[in-house]
Amino acid sequence: MTSIKVPIIENILEANDFVAEENRKIFSEHNIFCINIMAAPGAGKTALIVKTIELLKDKIRIGVIEGDTASVTIDSDQVVMAGAPAVQVTTAGECHMDAMMVRKGMEQLPLDDLDLVIIENIGNLICPAEWDLGSHADALVASVAEGDDKPWKYPNIYRNLDVLLITKTDLIPYVDYDIDHFKSGVEILNPGLVTFPTSAKTGEGFPAWTEWLLKKTKAAAEK
Amino acid sequence: MHELSATQNILRIVMDHAERNHADSVSAINLVVGDFANIVPDCVGYYWKIITEGTIYACAVLHFDRRPAIFECDDCGSQFEITREMTACPHCGSDHVTFISGDELLVESIEIVRNEKEK
Chain R
327 MTSIKVPIIE
337 NILEANDFVA
347 EENRKIFSEH
357 NIFCINIMAA
367 PGAGKTALIV
377 KTIELLKDKI
387 RIGVIEGDTA
397 SVTIDSDQVV
407 MAGAPAVQVT
417 TAGECHMDAM
427 MVRKGMEQLP
437 LDDLDLVIIE
447 NIGNLICPAE
457 WDLGSHADAL
467 VASVAEGDDK
477 PWKYPNIYRN
487 LDVLLITKTD
497 LIPYVDYDID
507 HFKSGVEILN
517 PGLVTFPTSA
527 KTGEGFPAWT
537 EWLLKKTKAA
547 AEK
Chain S
432 MHELSATQNI
442 LRIVMDHAER
452 NHADSVSAIN
462 LVVGDFANIV
472 PDCVGYYWKI
482 ITEGTIYACA
492 VLHFDRRPAI
502 FECDDCGSQF
512 EITREMTACP
522 HCGSDHVTFI
532 SGDELLVESI
542 EIVRNEKEK
């Protein structure tokens, strides 16, 4: 009997990263810009997505991949009502979406007829940060009601973001939320991160956010 | 919190290399886990027992080489660890810091056993 040490050094998430890279390529081949939207449960991802669709649907063609832990269609129903094709991918209790789930969603979307694909990730501030889905940009939705200490407590998810949306700004008078303290935490982790304070209730910040998204989508189409 | 899928991926990598090296069993698996990888070693061990039951991988001992999350201060150049909450540089108080390492999630090596009964 012999005992042998076999050196490996292989990334445990390598299989996911491989599929993610393929997803990104497929989106790009279809001239689609794909954005992955992450947040804690209740941060207002769906409200943000619905309002974004309403404001952009006459300018670009949008599809949505909805991640849900169980097969309830509340979120996707709202998206469809707002005027965009939506497919729902259930994660069977898993805490995050992975690249393979996104691929399944992509297969059900009319990619030839889309300019922008929005992925609504599972509500969670920890796990989604680890999984590359194959998007071109990663966004975080952080509501003021969650508190201004979240960048300090969940540093990992802020590190690789391309855009940050602060939501429910209409609630600032009613909650203890110091936007400067919040932003100083973000600045440590992701200096100069593009940030839009928004309110889906009042519409604050939506012109600037949708303009950013439109610009990114058009740039992807021209490549 | 996603230890089951991580453990399944570890098994896939271990199986691949064990088969390629004609292992009769696997005695140890050496993993590198950064603090920012958000993986709880105890949970991986728990799932490992469940998903490998009755296989040549069931008796493998899982070794976790934990790596702290390390940041470097852009202003004073000192390096510091973040264990739980994010902080500014503990040496000079600067907010300008850069992530250096601590999100590793690797199978570093495995130790396999060959019975060599054919010789």
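From first to last, the protein sequence lines stand for chains R and S.
Be aware that the first sequence starts at 327, since it is given in our numbering, and climbs by one per residue.
Be aware that the second sequence starts at 432, since it is given in our numbering, and climbs by one per residue.
We put the CB at the ideal spot given by N, CA and C, even for glycine.
Determine whether the beta carbon atoms of I457 of chain S and I487 of chain S lie at a separation below 9 Å. To locate residue 457 of chain S, count along the second sequence from 1; it is residue 26. To locate residue 487 of chain S, count along the second sequence from 1; it is residue 56. Correcting the residue identity first, residue 457 of chain S is Val in this sequence and not Ile. Yes, the Cβ-Cβ distance between V457 of chain S and I487 of chain S is below 9 Å.
Alpha-carbon to alpha-carbon, L537 of chain S and E336 of chain R: Sequence index remark: in the first sequence, residue 336 of chain R carries index 10 (1-based). Sequence index remark: in the second sequence, residue 537 of chain S carries index 106 (1-based). Each residue's Cα considered, the two are about 5 Å apart.
Residue environment, K550 of chain S, which counts as buried when at least 16 other CB atoms sit within 10 Å: By one-based count along the second sequence, residue 550 of chain S stands at place 119. Bear in mind that a pLDDT of 48 at K550 of chain S, under 50, signals an unreliable position, so the number given afterwards is only what the model happens to contain. So K550 of chain S counts as exposed.
Exposure of S329 of chain R, with buried meaning 16 or more beta-carbon neighbours within 10 Å: Along the first sequence, read from residue 1 onward, the residue named residue 329 of chain R stands at position 3. Counting Cβ neighbours within 10 Å, S329 of chain R comes out exposed, since fewer than 16 surround it.
Report the neighbours of T328 of chain R on chain S: residues whose CB is nearer than 8 Å to its CB, in chain order. On the first sequence, position 2 is the one that residue 328 of chain R refers to. Simply V544, R545 and E547.
Listed by chain order, chain R residues near D526 of chain S by CB distance under 7 Å: On the second sequence, residue 526 of chain S is found 95 positions in, with the first residue counted as 1. What D526 of chain S touches in chain R: S510, E513 and I514.
Specify the secondary structure class of R387 of chain R as computed by DSSP and reduced to three states. For this step, residue 387 of chain R is matched to residue 61 along the first sequence. Coil, per DSSP.
Are the Cβ atoms of K383 of chain R and A418 of chain R separated by less than 9 Å? Start at 1 with the first residue of the first sequence, and residue 383 of chain R comes out as number 57. Start at 1 with the first residue of the first sequence, and residue 418 of chain R comes out as number 92. Contact flag unset, no.
Residues near F508 of chain R in its chain [Cβ-Cβ closer than 6 Å; skip 5 each side]: Walking along the first sequence from the start, residue 508 of chain R turns up at place 182. Same-chain partners within the cutoff: D474.
Name the chain S residues whose beta carbon is nearer than 7 Å to that of P333 of chain R? As a working note, residue 333 of chain R is residue 7 in the first sequence. Within chain S, the residues near P333 of chain R are S540.
Got a sec, what are the start and stop residues for the alpha helix (DSSP H) E446 of chain R sits in? Residue numbering aside, residue 446 of chain R sits at position 120 when the first sequence is read from its first letter. Careful: E446 of chain R lies outside any alpha helix (DSSP H), inside the beta strand (DSSP E) at L442 to G449.
Which residues in the same chain as L451 of chain R place their Cβ atom closer than 6 Å to its Cβ, once the five residues preceding and following it in sequence are excluded? Counting from one through the first sequence, the residue named residue 451 of chain R turns up at place 125. Excluding residues within five positions, the ones whose Cβ falls inside 6 Å are A366, Y480 and I483.
For the beta strand (DSSP E) that C474 of chain S lies in, which residues bound it at each end? Walking along the second sequence from the start, residue 474 of chain S turns up at place 43. Looking at the DSSP string, C474 of chain S is not in any beta strand (DSSP E); the run it does join, the alpha helix (DSSP H), is P472 to T483.
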